[in-house]
Each structure stands twice: as C-alpha cells, then as structure tokens.
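Structure, as structure tokens:
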Amino acid sequence: TSAQPARAGITFPDGFIWGAATASYQIEGAVREDGRGPSIWDTFSRTPGKVYAGHTGDVACDHYHRYAEDVALMADLGLASYRFSVAWPRIRPDGTGPVNIKGLDFYDRLTDELLGKGIDPVVTLYHWDLPQTLEDRGGWTSRATAEAFAEYAEVVYRRLGDRVATWTTLNEPWCSAYLGYGSGIHAPGVRNPAAALSAVHHLLLGHGLATQALRAAGARQISITLNPCEVSPLDPANPADRDAARLIDGLANRIFLDPLLRGRYPADVLEHISRLTDLAYIQEGDLEIINQPIDVLGINFYNPSYVSAKPGAPGSPDYPGSEGIAFRPPVGPVTDMNWQIEPAGLTRLLTRLHRDYPGTPLMITENGAAYPDGPSDSGEVADLRRIEYVDGHLRACHDALAAGVDLRGYFLWSLMDNFEWAEGYRKRFGIVHVDYTTQQRVLKDSAKWYREVIRRNGLE
Ligand code: PNW
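Per the working numbering, the very first residue in the sequence shown carries number 11; after that it's consecutive.
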C-alpha cells in the first residue's frame with residue numbers, strides 16, 4: 011500500500027460562512043469619546059496588579075477612528091462576515107437611562123461600511139464591557155442587570171435591526187460569571203463562588219429577556235455564544251476520573267446548555283451548587299424566559315481539558331466547588347497562552363453538542379491562537395504556527411461536518427492583535443499584526459493563507 015499524504019484537500023459546504031471576530035473593548039480605544047461611560051474593564055484595567063504591565067483599552071487598536079481602514083482589510087481578505095461587539099456604555103453610559111445617540115452613530119457607520127463592502131455584520135451585544143454604574147449596583151449578581159440588558163438590546167436593535175440579521179446576546183457567560191465573580195481574574199474582579207453562581211443565572215436571564223425583546227422587535231437570527239469546556243477524564247477507565255469530568259462538564263457546560271436548550275438546570279449541578287448558594291435568585295418563570303428558541307448556538311473553542319480525581323487537591327478557582335479535582339497541565343504543543351493544541355477536541359465537542367442538544371445549528375464564533383510573532387526586517391510576519399493551528403481546527407470542523415453536525419460557519423479569533431484582557435497587549439491573536447506605536451496594520455502570512463482558504467472554500 012502506498013503512503014497516504016498526511017493532509018488531503020477538503021472543501022466546505024456551499025454557503026459555509028467565513029468570518030473573523032473582535033470585541034469592542036479589545037480594539038476600539040476612544041474610551042472617553044462621544045459620551046461613552048466607564049465600563050468594568052476601564053475600572054479593572056486601571057487597578058494596579060490586575061492586567062499585565064498596567065495595560066488598558068484606552069487606545070487599543072484605535073479602531074473607533076480607523077474602522078474604515080479595518081473594514082477595507084476585511085474586504086481584502088474576502089471575509090463574508092464580521093463578528094464585532096457593541097459597547098453597552100457607548101449606548102447607555104449609565105447602563106439604564108438616556109441613550110447616547112453618538113454611540114449608536116458609530117455602530118451605524120461601521121455597519122454601513124461593512125455592508126458597502128459586501129460583508130455581513132454579526133453583532134454581539136455583550137462582550138464583557140458592563141457599564142460601571144450597573145456594577146456599582148451589584149452587576150450580574152443583580153436581577154436588575156438582566157432587565158437593563160434587555161432594554162439596551164432593544165435600543166441597539168431599533169437602530170441596526172434593519173441591516174443586521176444575526177444577533178448574539180452574550181459572549182461566553184462562563185467567563186463573565188466564573189472569571190469575573192469567582193476567581194476574579196477578569197473584571198469586576200470579585201472572588202466569591204456564590205456571586206459567580208448567581209451571575210450565571212442572571213446572565214442566562216438577561217439572554218432570555220433580551221431574546222424576547224429582540225424577537226418582539228422583529229429580529230430574525232438570535233444566538234448566544236458559549237465557550238464549552240471540552241473535558242475528558244484523564245483515565246477513562248477510572249470511575250472517579252469520570253465523575254470529575256462529569257462535574258466539570260456540569261459546572262462549565264450543562265449549567266448553561268440545559269437551561270437554554272432544555273428549560274431546566276441539571277439536577278446533579280443544582281445539588282452540587284446548593285452547598286455554595288441557597289439558589290434563592292432562581293425565581294418562578296425564569297427557566298421559561300431562559301428557554302427561548304434560538305436560531306444558532308455560537309461555540310468558542312481553543313483547547314481541550316483533562317481532569318482527574320485527586321483527594322485533597324484545591325480544585326480550580328474558576329470552578330466553584332471543584333475541590334478534589336486536578337486539571338492536567340498541557341501536554342504536547344501549546345500556544346503562547348500555554349493552551350494545549352488538540353484539534354480533535356473540537357470535533358469531539360461539536361459531535362457531542364449535536365448529539366446531546368439536537369436541532370440547534372452550530373457556528374464557530376471564535377477559534378485561533380496567540381503567538382508572539384512580529385514583522386521581520388522585510389516586513390513579513392511568518393506565523394506558520396498560527397496557520398497550522400487554524401488548518402488543524404478547520405479539518406476538525408470538516409470532520410464534524412462529515413459526521414453529520416450542522417455547522418454553519420467559522421469565525422477566526424481574531425481579525426487583528428488586540429487587548430487580550432488580563433494579558434494586556436502581550437498576547438497576539440491577530441491574523442493582522444498591529445504596531446501599537448504607529449497603529450500600522452500588516453497582514454500576517456496567516457491572513458494571506460486565510461484569504462486563499464476563503465477563496466477556494468476549503469484547504470488544499
Ligand atoms: C475568549 N479561559 O476569552 C474571548 O471571547 C475573547 O475575547 C478572547 O480574546 C479570546 O477568547 C482569547 O482568550 C477567553 O481562561 C478568556 O479559559 C479566557 C478563557 C477562555 C476564553
């Protein structure tokens with residue numbers, strides 16, 4: 011038998027959506043302009059010790075002023091779609107109260123610029139920049155924040171809904187709740203397991219209320235983006251390791267997926283978290299509000315996880331009540347985030363979601379890799395490792411499609427280098443390099459490669 015080539019050419023289905031993603035606080039800058047109010051990330055990034063080297067989003071990629079140049083880059087790459095987020099504090103500087111028209115004007119200009127270049131806008135309403143005023147009243151631990159979110163969602167819809175078809179309520183509520191209120195490594199920096207769990211519920215409620223409001227106003231495509239933890243038992247033959255994986259799956263995934271798509275919290279998760287909270291924040295009727303039909307489920311995937319039962323282990327601060335569970339350190343190649351590279355994990359995740367939550371089309375709303383690459387003397391950015399990462403994960407998507415998964419598209423994270431939250435600007439996820447001194451953008455080799463992927467709707 012002759013040796014098979016390691017990688018064969020693959021083609022994606024007609025109409026498969028090719029995109030790239032960003033988020034408001036990570037790229038816009040202009041934090042004090044045109045009436046924008048402060049967000050929890052302004053406060054957090056200005057608090058010493060919270061973000062690497064004291065970096066803030068004050069200037070970021072200056073996208074607020076350079077959006078037209080950035081949209082031209084997207085057109086050059088041939089993107090069919092662009093996923094961006096709207097900054098709540100630009101629209102309602104205090105979270106509730108008066109609408110700031112100049113904030114809406116910016117996203118109106120951006121939307122028209124995209125449509126003028128034939129690029130479909132996909133709007134995320136909340137990618138972590140909560141108005142600080144709302145945090146001062148309890149943030150996502152307060153039911154009022156969920157209600158304010160639905161009002162804000164409708165305000166944005168009324169301005170852009172005639173041109174934007176696809177609306178995502180929340181990006182990664184796991185991060186907002188567990189990193190924001192549990193481990194405190196993200197804004198607002200609270201460390202309280204009970205707060206994290208009430209934030210989970212109020213984020214879900216906010217999604218449900220916003221979905222109702224968007225639907226009533228006429229929105230066609232509604233989604234939410236999760237970052238499921240693709241978790242396996244370190245030793246699949248060991249029942250204790252399997253229990254550990256099941257617990258993490260419950261705390262990370264089923265706690266969101268089951269209310270959203272089945273209208274109930276999983277019994278094992280409720281039992282587990284009832285040791286940490288009295289669950290009084292769950293009110294009658296909430297699950298019906300959360301369980302609104304959605305049109306697509308957004309999935310962000312970067313790396314798989316492996317866990318084992320280890321009596322006495324402190325657990326992970328990111329998972330309330332995970333004492334006695336050990337996360338295996340990454341094995342094999344990692345990205346600059348020290349995240350393990352294993353594309354097969356994405357195939358496992360997609361096929362599992364398709365099996366356990368059938369009937370909901372899936373979209374990869376983020377996937378990509380951080381590497382510390384920069385221009386050579388000749389100005390090229392030879393980011394071969396990023397190309398390999400994305401190539402591998404696109405093949406993983408194709409494997410899931412071949413297994414019957416209803417996967418509609420792929421958004422690469424990220425269009426350009428940007429403010430990587432607690433890591434500041436030192437982690438670069440972009441396929442476009444940004445020089446933060448000159449604000450010059452340079453296509454990395456991965457961007458040129460992605461342009462070819464899009465052009466041929468597949469891989470060579
Ligand atoms: C996601 N974790 O964040 C976000 O949606 C993006 O804004 C971000 O830039 C990107 O992934 C890369 O990090 C995450 O600790 C941040 O597991 C942290 C984690 C996961 C996702």
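Cβ atoms here follow ideal geometry from the backbone N, Cα and C, with glycine treated the same way. Computed from a predicted structure; not experimentally measured.
Might you give, ordered along the chain, the residues of its own chain that have their beta carbon closer than 7 Å to the beta carbon of residue 434, omitting 5 neighbours on each side? For the purposes of this step, residue 434 is identified with residue 424 of the sequence shown, where counting begins at 1. Same-chain partners within the cutoff: 61, 62, 63, 65.
Excluding the 5 residues preceding and the 5 following residue 384 in the sequence, name in chain order all residues of the same chain whose CB lies nearer than 6 Å to its CB. Along the sequence shown, read from residue 1 onward, the residue named residue 384 stands at position 374. Correct list: empty, nothing qualifies.
For residue 234 versus residue 309, is the C-beta distance shorter than 7 Å? For this step, residue 234 is matched to residue 224 along the sequence shown. For this step, residue 309 is matched to residue 299 along the sequence shown. Not in contact: residue 234 and residue 309 (Cβ atoms no closer than 7 Å).
Assess contact between the region 112-124 and the region 149-161, defined as three or more Cβ pairs (one per stretch) separated by less than 8 Å. Is contact present? no
According to the neighbour-count rule (16 or more other Cβ atoms, all chains shown, within 10 Å of its Cβ), is residue 248 buried or exposed? Counting from 1 along the sequence shown, the entry for residue 248 is found at position 238. Burial call: exposed.
Return the chain-ordered ranges of every beta strand (DSSP E) run that is complete within the region 270-344 and spans a minimum of 3 residues. 306-310, 314-319, 335-337
Beta-carbon separation (whole angstroms), residue 143 vs residue 45, contact threshold 8 Å: Translated into the one-based positions of the sequence shown, residue 143 becomes position 133. Translated into the one-based positions of the sequence shown, residue 45 becomes position 35. Actually they do not touch by this definition, with Cβ atoms about 14 Å apart.
Since residue 358 contacts residue 244 with CB under 8 Å, what's their CB separation in whole angstroms? Start at 1 with the first residue of the sequence shown, and residue 358 comes out as number 348. Start at 1 with the first residue of the sequence shown, and residue 244 comes out as number 234. Actually they do not touch by this definition, with Cβ atoms about 15 Å apart.
Where residue 222 and residue 288 are concerned, what is the direct C-alpha to C-alpha distance, given to the nearest angstrom? As a position in the sequence shown, residue 222 is number 212, starting the count at 1. As a position in the sequence shown, residue 288 is number 278, starting the count at 1. About 28 Å.
With burial defined as no fewer than 16 other Cβ atoms inside 10 Å of the residue's Cβ, what is the status of residue 226: buried or exposed? The residue labelled residue 226 in the question sits at position 216 within the sequence shown. Under this definition residue 226 is an exposed residue.
Assumed close pair residue 351, residue 344 - CB separation to whole angstroms, cut-off 8 Å: Here residue 351 corresponds to residue number 341 of the sequence shown, with the count starting at 1. Here residue 344 corresponds to residue number 334 of the sequence shown, with the count starting at 1. About 6 Å separates the two Cβ atoms, so the contact holds.
Could you tell me which of 290, 256, 285, 278 sits nearest to residue 318, measuring between CA atoms? Against the sequence shown, residue 318 aligns to sequence position 308. It is 256.
Residue environment, residue 93, which counts as buried when at least 16 other CB atoms sit within 10 Å: For the purposes of this step, residue 93 is taken as residue 83 along the sequence shown, with counting starting at 1. Looking at its Cβ environment, which holds 16 or more other Cβ atoms inside 10 Å, residue 93 is buried.
Shorter than 6 Å, the distance from the beta carbon of residue 33 to the closest heavy atom of the ligand PNW, or not? Within the sequence shown, numbered from 1, the residue matching residue 33 stands at position 23. Yes.
Buried or exposed for residue 11, going by 16 or more other Cβ atoms inside 10 Å? For the purposes of this step, residue 11 is identified with residue 1 of the sequence shown, where counting begins at 1. Residue confidence for residue 11 is low, a pLDDT of 46 falling below 50, so the modelled location carries little weight; the figure read from the coordinates is stated next. With fewer than 16 other Cβ atoms within 10 Å, it is exposed.
Drop a sphere of 10 angstroms on the beta-carbon of residue 284, count the other beta-carbons inside from all chains shown, and report buried for 16 or more, exposed for fewer. As a position in the sequence shown, residue 284 is number 274, starting the count at 1. Its Cβ having fewer than 16 others within 10 Å, residue 284 is exposed.
What whole-angstrom Cβ distance do residue 421 and residue 30 have, given they're in contact under 8 Å? For the purposes of this step, residue 421 is identified with residue 411 of the sequence shown, where counting begins at 1. For the purposes of this step, residue 30 is identified with residue 20 of the sequence shown, where counting begins at 1. Confirmed, Cβ separation roughly 6 Å.
Minimum length 4: unbroken alpha helix (DSSP H) runs contained in the region 78-143: 98-101, 111-126
Rounded to the nearest angstrom, what separates residue 481 and residue 466 at their Cα positions? Summary: the structure shown does not reach residue 481, with the chain confined to residues 11 through 470, and so no result is reported for it.
So residue 260 and residue 276 are in contact, right, with Cβ under 8 Å, and what is the actual spacing, rounded? As a working note, residue 260 is residue 250 in the sequence shown. As a working note, residue 276 is residue 266 in the sequence shown. Right, their Cβ atoms sit about 6 Å apart.
Measuring CA to CA, which of 59, 71, 187 is closest to residue 450? As a working note, residue 450 is residue 440 in the sequence shown. Considering only alpha carbons, the answer is 71.
Can you give the Cα-Cα distance for residue 175 and residue 25, rounded to whole angstroms? Here residue 175 refers to the residue found at position 165 of the sequence shown. Here residue 25 refers to the residue found at position 15 of the sequence shown. Distance between the alpha carbons of residue 175 and residue 25: 16 Å.
Are the beta-carbon atoms belonging to residue 50 and residue 90 less than 7 Å from one another? Position 40 of the sequence shown, counting from 1, holds the residue named residue 50. Position 80 of the sequence shown, counting from 1, holds the residue named residue 90. Not in contact: residue 50 and residue 90 (Cβ atoms no closer than 7 Å).
Helix, strand or coil for residue 174? Go by DSSP, reduced to three states. Your numbering for residue 174 matches position 164 in the sequence shown. Three-state result, residue 174: coil.
Grab the span of the beta strand (DSSP E) containing residue 419 for me, first residue to last. Locating residue 419 in the sequence shown gives position 409, where the first residue counts as 1. Counting along the chain, the beta strand (DSSP E) containing residue 419 begins and ends at 417-423.
Please return the same chain residues whose Cβ sits closer than 7 Å to the Cβ of residue 207, not counting the five positions on each side in sequence. Reading the sequence shown from its first residue, position 197 is the one you call residue 207. If we look at residue 207 and ignore the five residues flanking it on each side, its Cβ neighbours are 283, 286, 287, 330.
Under 6 Å from any heavy atom of the ligand PNW, does the C-beta of residue 313 make it? Taking the sequence shown and counting its residues from 1, the one referred to as residue 313 is at position 303. Every heavy atom of the ligand PNW is 6 Å or more from the Cβ of residue 313, so no.
So, helix, strand or coil for residue 28, using DSSP? Numbered from 1 along the sequence shown, position 18 holds the residue referred to as residue 28. Three-state DSSP puts residue 28 in a strand.
At the level of alpha carbons, what is the spacing between residue 239 and residue 57? On the sequence shown, position 229 is the one that residue 239 refers to. On the sequence shown, position 47 is the one that residue 57 refers to. Those two C-alpha atoms are separated by around 29 Å.
I need the DSSP call for residue 265, collapsed to helix, strand or coil. Stepping through the sequence shown from its first residue, residue 265 is reached at position 255. Looking at residue 265 - three-state DSSP - the assignment turns out to be helix.
Rounded straight-line distance, which links the Cα of residue 336 to that of residue 322: By 1-based counting over the sequence shown, the position of residue 322 is 312. By 1-based counting over the sequence shown, the position of residue 336 is 326. Using only the alpha carbons, I get a separation of about 10 Å.
Hey, how far is the Cα of residue 102 from the Cα of residue 362? Within the sequence shown, the letter at position 92 stands for residue 102. Within the sequence shown, the letter at position 352 stands for residue 362. If you take the alpha carbons of residue 102 and residue 362, they lie about 39 Å apart.
Where do the ends of the alpha helix (DSSP H) carrying residue 361 lie? Taking the sequence shown and counting its residues from 1, the one referred to as residue 361 is at position 351. Per DSSP, residue 361 belongs to the alpha helix (DSSP H) from 354-366.
Taking the C-alpha atoms as reference points, what is the distance between residue 423 and residue 95? What you label residue 423 is simply residue 413 of the sequence shown in a count that begins at 1. What you label residue 95 is simply residue 85 of the sequence shown in a count that begins at 1. Taking the straight line joining both Cα atoms gives about 13 Å.
Kindly provide the ranges of any beta strand (DSSP E) runs that are 3 or more residues long and lie completely inside the region 221-250, ordered along the chain. 231-236, 240-243
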